[in-house]
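Trainee: A single structure is presented below for examination.
In structure tokens form, the structure reads like this:
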């Protein structure tokens, strides 16, 4: 009967589950963790009962002596029966087997098991009797033949499985690869998408290969355990092997079963969150298409607002889901969460500041996509406002990335934003000697402004005296334009026209510097009474 059970692998798992459940029953008592307080008596890998120790005789030492006495009694005879005797002793009930004392059931043992000492002694004697008979049967000639046959059978099965694994593994993988490539090619042709059938097939085949190796190693592990279980002398080693692998697997399975209600709740939270995100996407898509109208809500706010709403919904879902996450109530999980929070807070100051600045840039309406702006010495058109950075295309057709924190903390000149209906005021300065009539200079500067395309004639250009310098008067010509994006070209044309007009009228421009006067003083001796095309006296 024992040999037949060793042939059935499922029974091995059942025994492992039973072993785990029995340990769960014994585990809650904190005293069981102390080897000086209580220890099991184990014979051939099977636990018979537990005994309680004392300071003078620790439980482990007491259990070891009982195991040795049981082995001595079992080795002393090959009979198929034993003679048990339970008698009163000084410290409890003495159990004798074939006239030899094996153990004494103490009152402390009975109190620990919470039963009468007579009942406990009877149960321990029955366990000892069964262990001795099984010990003798396993070491008999018939038992050793059965063990050898079982071990040989498992070895033959393992040899056949190993041959099939190593000899047919690559053929099976190649067959799977070919079928996957054919199916992937069919999908690629039907969908006209850029799918790499060989890459997909290679990944799947690699995963299957790893799973095959894992299954083979598991099979080898349980084959070794079953062979060791076949012989009485090695059953203890087999029990240790099963304990180190099977028990953790059983614990994982039991933990998964226990967490099924939490997993269902997490699935419900995920489903509700997904529905909420789809609802937000549908709403903002309708806003973007114009189906819904929101008062004072600008178009460029749609994408960031949708992103913020989605992030807020996900954060709320995480808050609700946190208590149901496996291990969330453990100190290790909480400590890891705190550590991750500290690392993020210490390492992401710049990231957070840029994100917050990006929100201010988006919602404060100072800069929009398409505006021509100047940030420091960078001038360009805004092409995209992201959460972390703002992209501008310079007048030299360069793509410049400006962190939003810098954009928020710097002075930004917006050449495209209309302050009033007159437009942007374009200005430049020239220095002209004191000997030239101011009315003449004013007329020539206004003439240059009129010649410049892009400058408005209404409101009319005007001239300001910017400075009375050491050797010249600095005149500033001002004119309005509605073409802020063409400002560099307009300024260039204005300066070119100023030079042309002054050359046509024989007037010297003193800027940018002045060295010395000519031999004759350059003093105006008469008033200028000339006229220009667009200016009257």
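Numbering (mature numbering (1 follows the signal peptide of the UniProt record, and there is no 0)), first residue to last: -20 to -1, 1 to 517.
Idealized CB from N, CA, C, for every residue including glycine.
1. Count the other C-beta atoms from every protein chain shown that fall within 10 angstroms of the C-beta of residue 317, then say buried if there are 16 or more, exposed otherwise.
2. Going by the CB atoms, is the gap between residue 115 and residue 207 shorter than 8 Å?
3. Mapping the DSSP letters down to three states, classify residue 225 as helix, strand or coil.
4. Between which two residues does the alpha helix (DSSP H) harbouring residue 98 extend?
5. Would you check if the distance between the CB atom of residue 428 and the CB atom of residue 453 is smaller than 8 Å?
6. If you measure between the beta carbons of residue 370 and residue 348, is that distance less than 8 Å?
7. Per the DSSP calculation, residue 409 is bridged to which residue(s)?
8. Have a look at residue 544 and residue 146 and give me their C-alpha separation to the nearest angstrom.
9. Going by C-alpha distance, which of 111, 262, 463, 448 is nearest residue 490?
10. Measure from the alpha carbon of residue 75 to the alpha carbon of each residue in 96, 409, 102, 57, then state which is nearest.
11. For a test of the three-state rule: what should DSSP assign to residue 89, helix, strand or coil?
12. Tell me which residue opens and which closes the beta strand (DSSP E) that residue 468 is part of.
13. For the 8 Å Cβ check, are there 3 or more pairs between the stretch 122 to 136 and the stretch 93 to 102?
14. Could you check where the beta strand (DSSP E) with residue 358 kicks off and where it finishes?
15. Determine the closest residue to residue 477 out of 408, 66, 270, 205, with distance taken between C-alpha atoms.
16. Under a three-way DSSP split, which group does residue 381 fall into?
17. Would you mind stating whether residue 470 and residue 413 have Cβ atoms separated by less than 8 Å?
18. Quick check on DSSP: helix, strand or coil for residue 17?
19. Contact defined as beta carbons within less than 8 Å: I believe residue 467 pairs with residue 443. What is the distance between those atoms, to the nearest angstrom?
20. Evaluate residue 77 with the Cβ neighbour count: other Cβ atoms within 10 Å of its Cβ, from every protein chain shown; 16 or more gives buried, anything less gives exposed.
21. Out of curiosity, what's the CA-to-CA distance linking residue 235 and residue 242?
22. How would you call residue 271, buried or exposed, if buried means at least 16 neighbouring beta carbons within 10 angstroms?
23. Here's a check: name, in chain order, each residue in its chain whose Cβ is nearer than 8 Å to the Cβ of residue 252, leaving out the five neighbours to either side.
24. Determine the closest residue to residue 304 out of 411, 461, 245, 275, with distance taken between C-alpha atoms.
25. Here's the rule: buried if 16 or more other CB atoms are within 10 angstroms of the residue's CB, otherwise exposed. What is residue 185?
26. Tell me, please, whether the CB atom of residue 27 is closer than 8 Å to any CB atom in chain C?
27. Is residue 220 buried or exposed, if buried means 16 or more other CB atoms sit within 10 Å of its CB?
28. Does the distance from the CB of residue 86 to the CB of residue 32 come in under 8 Å?
29. Could you tell me which residues DSSP puts in a beta bridge with residue 182?
30. Under the three-state reduction of DSSP, which class applies to residue 27: helix, strand or coil?
31. Start and end of the alpha helix (DSSP H) containing residue 263?
32. Tell me the DSSP secondary structure of residue 347 in three-state form.
33. How big is the Cα-Cα spacing for residue 240 and residue 193?
34. Could you tell me the distance, in whole angstroms, from the CA atom of residue 136 to the CA atom of residue 111?
35. Can you name the start and end residues of the alpha helix (DSSP H) that residue 49 belongs to?
Mentor: Per the coordinate set shown:
1. Here residue 317 refers to the residue found at position 337 of the chain shown. The residue is exposed, with fewer than 16 neighbouring Cβ atoms inside 10 Å.
2. Here the question's residue 207 lines up with position 227 in the chain shown. Here the question's residue 115 lines up with position 135 in the chain shown. If you check the CB distance, residue 207 and residue 115 do not come in under 8 Å.
3. Here residue 225 refers to the residue found at position 245 when the chain shown is read from its first residue. Three-state result, residue 225: helix.
4. Reading the chain shown from its first residue, position 118 is the one you call residue 98. Run containing residue 98: 97 to 118, per the alpha helix (DSSP H) assignment.
5. As a working note, residue 428 is residue 448 in the chain shown. As a working note, residue 453 is residue 473 in the chain shown. No, the Cβ-Cβ distance between residue 428 and residue 453 is not below 8 Å.
6. Against the chain shown, residue 370 aligns to sequence position 390. Against the chain shown, residue 348 aligns to sequence position 368. Between residue 370 and residue 348, the C-beta gap is not smaller than 8 Å, which leaves the two residues out of contact.
7. Stepping through the chain shown from its first residue, residue 409 is reached at position 429. In DSSP, residue 409 forms a bridge with 456.
8. The question about residue 544 has no answer, for the chain in this structure spans -20 to 517.
9. If you number the chain shown from 1, residue 490 lands on position 510. It is 448.
10. Translated into the one-based positions of the chain shown, residue 75 becomes position 95. Among 96, 409, 102, 57, the Cα nearest to that of residue 75 belongs to 102.
11. Here residue 89 refers to the residue found at position 109 when the chain shown is read from its first residue. Note: residue 89 maps to helix in three-state DSSP.
12. Here the question's residue 468 lines up with position 488 in the chain shown. Per DSSP, residue 468 belongs to no beta strand (DSSP E); it is in the alpha helix (DSSP H), 467 to 484.
13. They do not touch, by the three-pair rule.
14. Residue mapping note: residue 358 aligns to position 378 of the chain shown, counting from 1. Segment 358 to 365, the beta strand (DSSP E) holding residue 358.
15. In the chain shown, counting from the first residue as 1, residue 477 sits at position 497. Measuring from the Cα of residue 477, the nearest candidate turns out to be 408.
16. Looking up residue 381 in the chain shown gives position 401. Reduced to three states, the DSSP call for residue 381 is strand.
17. Looking up residue 470 in the chain shown gives position 490. Looking up residue 413 in the chain shown gives position 433. No, Cβ-Cβ distance for residue 470 and residue 413 is not below 8 Å.
18. Residue numbering aside, residue 17 sits at position 37 when the chain shown is read from its first letter. It is coil, neither helix nor strand.
19. Stepping through the chain shown from its first residue, residue 467 is reached at position 487. Stepping through the chain shown from its first residue, residue 443 is reached at position 463. Actually they do not touch by this definition, with Cβ atoms about 20 Å apart.
20. Translated into the one-based positions of the chain shown, residue 77 becomes position 97. By the neighbour-count rule (16 or more Cβ atoms within 10 Å), residue 77 is buried.
21. By one-based count along the chain shown, residue 235 stands at place 255. By one-based count along the chain shown, residue 242 stands at place 262. Roughly 11 Å separates the two Cα atoms.
22. By one-based count along the chain shown, residue 271 stands at place 291. It counts as exposed.
23. Counting from one through the chain shown, the residue named residue 252 turns up at place 272. Counting only Cβ-Cβ distances below 8 Å, and skipping sequence neighbours, we find 297.
24. On the chain shown, position 324 is the one that residue 304 refers to. Measuring from the Cα of residue 304, the nearest candidate turns out to be 245.
25. For the purposes of this step, residue 185 is taken as the residue at position 205 of the chain shown. Buried, by the Cβ-count rule.
26. Among the protein chains of the structure shown there is no chain C, as only one such chain exists.
27. The count along the chain shown starts at 1 and reaches residue 220 at position 240. Exposed: under 16 other Cβ atoms inside 10 Å.
28. Locating residue 86 in the chain shown gives position 106, counting from the first residue. Locating residue 32 in the chain shown gives position 52, counting from the first residue. Yes; because the gap between Cβ atoms is below 8 Å, this pair is in contact.
29. Position 202 of the chain shown, counted from the start, is the residue given in the question as residue 182. None, per the DSSP bridge assignment.
30. The residue given as residue 27 occupies position 47 in the chain shown. Strand.
31. Translated into the one-based positions of the chain shown, residue 263 becomes position 283. Where residue 263 is concerned, the enclosing alpha helix (DSSP H) stretches over 240 to 269.
32. Stepping through the chain shown from its first residue, residue 347 is reached at position 367. DSSP places residue 347 in coil when its eight states are reduced to three.
33. As a working note, residue 240 is residue 260 in the chain shown. As a working note, residue 193 is residue 213 in the chain shown. Going by the C-alpha atoms only, they are around 29 Å apart.
34. Along the chain shown, read from residue 1 onward, the residue named residue 136 stands at position 156. Along the chain shown, read from residue 1 onward, the residue named residue 111 stands at position 131. If I take the Cα positions, the gap works out to 30 Å.
35. Here the question's residue 49 lines up with position 69 in the chain shown. Unbroken alpha helix (DSSP H) run through residue 49: 39 to 56.
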